[in-house]
Ligand SMILES: Cc1cc2nc3c(=O)[nH]c(=O)nc-3n(C[C@H](O)[C@H](O)[C@H](O)COP(=O)(O)OP(=O)(O)OC[C@H]3O[C@@H](n4cnc5c(N)ncnc54)[C@H](O)[C@@H]3O)c2cc1C
Ligand code: FES
């Protein structure tokens with residue numbers, strides 16, 4: 123399956139991913155800049171923040187209470203915010219588009 | 201910046217973050233990351249948790265996949281130790297004889313387990329837990345249903361205890377202090393964790409001084425000062441860590457239990473920076489000199505260095521934070537818990553979800569959250585902004601910690 127990460131200025135990076143991995147892993151494994159993942163996907167650090175393309179919000183689902191709490195620490199929080207390490211890539215998410223916030227680029 | 205590029209000593213969490221940060225920021229010079237371990241940079245937190253349990257393999261520990269470094273033109277040199285630094289000629293000497301020039305040097309040498317100088321400490325099946333090889337050796341040595349004795353009830357020791365008791369081992373933790381996690385948690389939280397471990401079958405013994413490890417070739421028992429003896433198949437020593445500052449000291453960098461760095465992570469010698477467990481810094485928000493051992497500190501300092509080298513605005517200073525996962529319980533600590541703060545309980549410990557708020561003059565200084573992620577997130581804001589708050593409202597669970605209710609000075 124494939125996932126597209128958009129930088130904050132809209133440049134797309136489309137990467138191959140395997141079902142069962144998380145969107146954070148898909149980004150890290152493919153060297154996509156803009157997803158840090160400091161805590162290794164442990165839902166602790168909020169450095170894997172993404173904005174889900176509105177077309178995909180239904181399929182991606184809701185954040186857990188733990189994730190929601192962590193997201194609240196982000197000053198760039200939006201309605202479509204998620205943590206990429208908490209998005210598990212199931213077959214229906216083939217083609218998913220995620221935008222990365224500017225603050226995650228040094 | 202000099203053409204000689206950036207050389208980073210120590211390929212751990214901090215070193216990897218400096219290297220990837222520079223690559224991401226478009227640094228044009230060469231980036232060389234040198235580590236003495238035989239692995240690409242990896243995360244240590246799972247070593248006492250998922251890795252010991254078998255939930256995470258080595259691949260799952262890596263900060264970036266091995267191929268990342270070449271892809272980003274970062275020269276990763278593994279299995280190689282930097283032996284000396286020559287600040288006069290801007291170069292470092294590797295243990296394979298090679299000499300490398302630098303324009304900027306970054307020391308990310310981390311810390312190592314504190315050794316216990318007691319009889320028997322060098323027996324077989326006595327370990328400490330810092331790296332993959334340690335964790336693998338412990339895993340391999342643990343016999344099914346065997347007896348594990350852990351010396352030291354800090355985070356690493358307790359996490360290991362939780363992971364191992366779940367696997368059906370007999371686990372004993374011996375601690376010199378009067379309570380577990382004494383160094384960084386409050387008495388309330390220590391008590392909660394002690395009870396939790398005991399309920400799970402871990403034998404926690406505080407107020408004991410380990411005298412010697414018994415055995416001929418391999419360890420068979422742990423002896424404490426009052427004469428009691430605990431039989432053991434495997435012993436793990438977890439009595440804290442010491443900053444790796446020898447290299448820094450050898451060239452005269454100012455050190456005081458950690459390489460002293462300024463608010464931009466510069467050491468006392470020009471063109472030499474340092475980040476991570478090996479450093480001591482006056483924290484910009486807390487105005488305290490701290491040597492922190494956490495992922496957050498390592499990555500925050502690494503990003504500060506990248507920003508400084510690339511002439512970018514410095515990242516905002518964050519309240520230090522840390523997490524520990526034991527059993528299915530998540531402890532998150534923000535700020536530094538100190539005995540002179542006044543603790544306030546929020547929530548009922550018996551429910552398994554509560555926070556301890558540490559106050560100084562109506563201002564939140566630190567917070568320990570047990571399965572309490574929202575308190576942790578909002579508490580960090582309160583600590584960082586140092587807003588005066590009403591203690592009663594903090595105890596009221598129906599009121600979120602942030603934004604705090606307006607203070608009213610009514611009788
Ligand atoms: C078991 C365990 C569990 C932990 N759990 C947590 C947790 O839950 N949450 C949390 O926030 N933190 C946790 N930590 C702490 C966290 O892992 C460290 O704070 C972090 O790794 C520090 O990063 P660092 O880059 O400073 O050091 P390290 O990651 O230790 O990297 C330093 C590297 O430098 C190398 N090195 C040293 N000297 C030289 C030299 N002269 N030449 C070449 N290489 C050299 C070392 O071999 C090492 O690989 C844990 C640590 C351990 C050991
Ligand atoms: S990687 Fe840390 S929260 Fe997602």
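Chains as they are written, first to last, in our numbering: chain H, 123 to 228; chain Z, 201 to 611.
Every residue, glycine too, gets a C-beta built ideally from N, C-alpha and C.
Q. In three-state DSSP terms, what is residue 425 of chain Z?
A. Here residue 425 of chain Z refers to the residue found at position 225 when the second chain is read from its first residue. Residue 425 of chain Z: coil per DSSP, three-state reduction.
Q. From residue 579 of chain Z to residue 600 of chain Z, what does the alpha carbon distance come to, in whole angstroms?
A. Position 379 of the second chain, counting from 1, holds the residue named residue 579 of chain Z. Position 400 of the second chain, counting from 1, holds the residue named residue 600 of chain Z. The alpha-carbon separation between residue 579 of chain Z and residue 600 of chain Z amounts to approximately 9 angstroms.
Q. Do you know whose CA, among Z:574, Z:570, Z:571, Z:581, lies nearest residue 563 of chain Z's CA?
A. Numbered from its first residue, the second chain carries residue 563 of chain Z at position 363. The candidate whose alpha carbon is nearest that of residue 563 of chain Z is Z:581.
Q.
To be precise: take each residue of the region 153-164 of chain H, compare its Cβ to all Cβ atoms of chain Z, and keep it if any distance is under 7 angstroms. Which residues remain?
A. Those would be 153, 155, 160, 161, 162, in chain order.
**Q.** 7 angstroms Cβ cutoff, residue 179 of chain H in contact with chain Z
**A.** Walking along the first chain from the start, residue 179 of chain H turns up at place 57. Not one chain Z Cβ lies under 7 angstroms of residue 179 of chain H.
(Q) Can you look up residue 224 of chain Z in the DSSP assignment and give me helix, strand or coil? (A) For the purposes of this step, residue 224 of chain Z is identified with residue 24 of the second chain, where counting begins at 1. In the structure shown, residue 224 of chain Z sits in a helix (DSSP, three-state: H, G or I).
Q. Between which two residues does the beta strand (DSSP E) harbouring residue 525 of chain Z extend?
A. Residue numbering aside, residue 525 of chain Z sits at position 325 when the second chain is read from its first letter. For residue 525 of chain Z, the uninterrupted beta strand (DSSP E) run begins and ends at 521-526, by DSSP.
Q. Does residue 610 of chain Z get closer than 7 angstroms to chain H when you measure Cβ to Cβ?
A. In the second chain, residue 610 of chain Z corresponds to position 410, counting from 1. In this predicted model, residue 610 of chain Z has a pLDDT of only 46, less than 50, meaning its place in the structure is not dependable; the value taken from the coordinates is given anyway. No, residue 610 of chain Z does not count as interfacial toward chain H.
Q.
For residue 147 of chain H, would you say it is in contact with chain Z, using Cβ-to-Cβ distances shorter than 7 angstroms as the test?
A. On the first chain, position 25 is the one that residue 147 of chain H refers to. At a cut-off of 7 angstroms between C-beta atoms, residue 147 of chain H does not count as an interface residue with respect to chain Z.
Q) So, is the C-beta of residue 194 of chain H closer than 7 angstroms to a C-beta in chain Z? A) Within the first chain, numbered from 1, the residue matching residue 194 of chain H stands at position 72. Taking 7 angstroms as the threshold, the shortest C-beta distance from residue 194 of chain H to chain Z falls below it.
Q: For residue 591 of chain Z, count neighbouring Cβ atoms within 10 angstroms of its own Cβ and tell me buried if that reaches 16, exposed if not.
A: Within the second chain, residue 591 of chain Z is the residue found at index 391, counting from 1. The residue in question, residue 591 of chain Z, is exposed, as its Cβ has fewer than 16 Cβ neighbours within 10 Å.
Q) List, in order along the chain, the chain H residues whose C-beta lies closer than 7 angstroms to that of residue 523 of chain Z? A) Walking along the second chain from the start, residue 523 of chain Z turns up at place 323. Those are 166, listed as they occur along chain H.
Q. DSSP puts residue 568 of chain Z in a beta bridge; with which residues?
A. Here residue 568 of chain Z is taken as the residue at index 368 of the second chain, counted from 1. Answer is Z:533, Z:556, bridged to residue 568 of chain Z.
Q. What is the rounded straight-line gap between the Cα of residue 561 of chain Z and the Cα of residue 555 of chain Z?
A. Reading the second chain from its first residue, position 361 is the one you call residue 561 of chain Z. Reading the second chain from its first residue, position 355 is the one you call residue 555 of chain Z. Cα to Cα, the separation comes out at about 19 angstroms.
Q: Could you check what DSSP says for residue 309 of chain Z in three-state terms: helix, strand or coil?
A: Here residue 309 of chain Z refers to the residue found at position 109 of the second chain. Looking at residue 309 of chain Z - three-state DSSP - the assignment turns out to be coil, as it is neither helix nor strand.
Q. DSSP puts residue 171 of chain H in a beta bridge; with which residues?
A. What you label residue 171 of chain H is simply residue 49 of the first chain in a count that begins at 1. Answer by DSSP bridge pairing, in chain order: H:205.
**Q.** Cross-chain neighbours of residue 580 of chain Z in chain H, by beta carbon under 8 angstroms
**A.** Against the second chain, residue 580 of chain Z aligns to sequence position 380. Residues of chain H whose Cβ lies closer than 8 angstroms to the Cβ of residue 580 of chain Z are, in chain order, 195.
Q) From Z:542, Z:312, Z:236, Z:261, pick the residue whose C-alpha is nearest to that of residue 478 of chain Z; which is it? A) The sequence position of residue 478 of chain Z within the second chain is 278, counting from 1. A check of alpha carbon separations from residue 478 of chain Z across Z:542, Z:312, Z:236, Z:261 identifies Z:312 as the nearest.
Q: Within 10 angstroms of the Cβ of residue 470 of chain Z, are there 16 or more other Cβ atoms? Answer buried if so, exposed if not.
A: Translated into positions along the second chain, residue 470 of chain Z becomes position 270. The residue is exposed, with fewer than 16 neighbouring Cβ atoms inside 10 Å.
(Q) Report the CB separation of residue 235 of chain Z from residue 210 of chain Z in whole angstroms; it is logged as a contact under 8 angstroms. (A) Looking up residue 235 of chain Z in the second chain gives position 35. Looking up residue 210 of chain Z in the second chain gives position 10. Going by Cβ atoms, the distance from residue 235 of chain Z to residue 210 of chain Z rounds to 6 angstroms, so yes, they are a contact pair.
Q. Whose Cβ in chain Z lies nearer than 7 angstroms to the Cβ of residue 206 of chain H?
A. Taking the first chain and counting its residues from 1, the one referred to as residue 206 of chain H is at position 84. Here the premise fails: no neighbours, minimum Cβ distance about 15 angstroms.
**Q.** Cβ pair residue 140 of chain H, residue 124 of chain H closer than 7 angstroms
**A.** Numbered from its first residue, the first chain carries residue 140 of chain H at position 18. Numbered from its first residue, the first chain carries residue 124 of chain H at position 2. Contact flag unset, no.
Q | Length of the line joining the Cα atoms of residue 407 of chain Z and residue 574 of chain Z | A | For this step, residue 407 of chain Z is matched to residue 207 along the second chain. For this step, residue 574 of chain Z is matched to residue 374 along the second chain. Roughly 35 angstroms separates the two Cα atoms.
Q.
For chain H, check one thing: does any of its Cβ atoms lie closer than 7 angstroms to the Cβ of residue 201 of chain Z?
A. Taking the second chain and counting its residues from 1, one reaches residue 201 of chain Z at position 1. Confidence at residue 201 of chain Z is low in this model, with a pLDDT of 42, below 50, so the placement of that residue should be treated as unreliable; the coordinate-derived value is given next. At a cut-off of 7 angstroms, the C-beta of residue 201 of chain Z has no neighbouring C-beta in chain H.
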